[in-house]
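Here's the structure, in structure tokens; my notes come after.
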Amino acid sequence: MKDVVGLGALNLDLIYRVPDVFWQREIQPGVEILKEGEQLESVLRLVGRAGRLEGKSGGGSAANTMVALSRMGFDTGYVGKIGNDSAGSFLLKSLEGVDTSRIRKGKRTGVCVSLLNQSGERALLIFPHSNDCLAYSEVDMEYITNSRLLHLSSFAGDTPFHTQRRVIENVPPGLKVSFDPGEFYARKGLQQLLPFLRRSFVVFLTRKEIELLTGEHYKTGCRRLLEYGPQIVACKLAQQGSYVVSWEQEIQTSAEQTEVVDKTGAGDVFNAGFLAGLLLEKPLELCALLANKAAALSLTAPGREKYPDRDFLARV
Numbered sequence: 007m008k009d010v011v012g013l014g015a016l017n018l019d020l021i022y023r024v025p026d027v028f029w030q031r032e033i034q035p036g037v038e039i040l041k042e043g044e045q046l047e048s049v050l051r052l053v054g055r056a057g058r059l060e061g062k063s064g065g066g067s068a069a070n071t072m073v074a075l076s077r078m079g080f081d082t083g084y085v086g087k088i089g090n091d092s093a094g095s096f097l098l099k100s101l102e103g104v105d106t107s108r109i110r111k112g113k114r115t116g117v118c119v120s121l122l123n124q125s126g127e128r129a130l131l132i133f134p135h136s137n138d139c140l141a142y143s144e145v146d147m148e149y150i151t152n153s154r155l156l157h158l159s160s161f162a163g164d165t166p167f168h169t170q171r172r173v174i175e176n177v178p179p180g181l182k183v184s185f186d187p188g189e190f191y192a193r194k195g196l197q198q199l200l201p202f203l204r205r206s207f208v209v210f211l212t213r214k215e216i217e218l219l220t221g222e223h224y225k226t227g228c229r230r231l232l233e234y235g236p237q238i239v240a241c242k243l244a245q246q247g248s249y250v251v252s253w254e255q256e257i258q259t260s261a262e263q264t265e266v267v268d269k270t271g272a273g274d275v276f277n278a279g280f281l282a283g284l285l286l287e288k289p290l291e292l293c294a295l296l297a298n299k300a301a302a303l304s305l306t307a308p309g310r311e312k313y314p315d316r317d318f319l320a321r322v
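Structural data, given as structure tokens:
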């Protein structure tokens, strides 16, 4: 039995450092922009002239979370879709320690161009490619149900969104579900996400995503989301740490002070730290502390270089 199975988009992350003069009205730190596949080459030429390629790594929110959990010693697997190309092969290798046997292959691997400013803040240009084609018939439901926890993160397209919805409607009641909707799903609105919220044990969101979903201050919004089904709502507040609520508890945790090199994936590593605490049946306060410390560690190097490992878990 797997400890955790991830289900979400898989992307090749291309990380570029660009000067402040490059930023435009449409491309600002913190935004996620969906792009058409045929635009990829022209975008790469543009950012290649304006900035420098700092590295490439495997990406995708749930994928980052699974890699971090694997490094901490948990048995993880993944369900998703890549292309039958060199980028897809790179992604499979990047999922170190994660069972990739249920990842399907399509025509072209998804790409996420991550633009970093001088402060390490990012904007994401996302080219979904094969991610948008994941059908329910390609999902091994027995594999998912034979796990302790299913972790969901967003796709860009409607087809995989409906695939995920069918998945959560068909998993057994005893399987815990965690859900990070990201900005793409948050923009769909509360009504579209109700099936996910009703079935989730824990939901991870940013302050902006909570405000998009509820139209309320993040603390009020978190408590409102509890009414739709989750037992726990965790709000990621970046430099301000995190805010976690359940029906019994309210926990505000300060952020760890650290040098910021790259913020890409820090929220996904936060999720991994929190889920590690849940899987180890730790108190909610310690889950939040693990999450903040794990996220802070990931900030200190590009990509997945500084994800938490077994030693991290033992120290905390």
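So the sequence shown is residues 7 to 322, counted in our numbering.
Beta carbons are placed, not taken as given, at the ideal position from N, Cα and C, and that holds for glycine.
Since we're looking at a predicted model, the values are computed, not measured.
When DSSP states are grouped into helix, strand and coil, residue 137 belongs to the helix group.
Distance check between residue 155 and each of 11, 300 and 317 places 11 closest, using alpha-carbon atoms only. Our two residues, residue 321 and residue 296, have alpha carbons roughly 10 Å apart in a direct line.
A residue is called buried once 16 or more other Cβ atoms fall within 10 Å of its Cβ, and residue 184 is buried on that count. Distance from residue 136 to residue 87 at the Cβ level is roughly 5 Å; contact confirmed, criterion being Cβ atoms closer than 8 Å. Taking the Cα positions, residue 94 is about 30 Å away from residue 181. Pairing residue 237 with residue 252 gives a Cβ-Cβ distance under 8 Å.
By DSSP's assignment, residue 210 forms a beta bridge with 240. Boundaries of the alpha helix (DSSP H) harbouring residue 291: 290-304, taken from the DSSP string.
Annotation for residue 99: the continuous alpha helix (DSSP H) segment containing it runs 92-100.
A residue is called buried when at least 16 other Cβ atoms come within 10 angstroms of its Cβ; residue 59 does not meet this threshold and is exposed. The stretch 216-227 and the stretch 305-314 do not touch, with fewer than three beta-carbon pairs separated by less than 8 Å.
Scanning its chain for C-beta atoms nearer than 6 Å, with the 5 sequence neighbours on each side dropped, one finds around residue 66 the residues 14, 15, 16 and 17, in chain order. The three-state secondary structure of residue 20, taken from DSSP, is strand. Here the stretch 22-33 lies against the stretch 47-63, with 3 or more beta-carbon pairs under 8 Å apart. Taking a C-beta distance under 8 Å as the contact criterion, residue 108 and residue 81 do not qualify as a contact pair.
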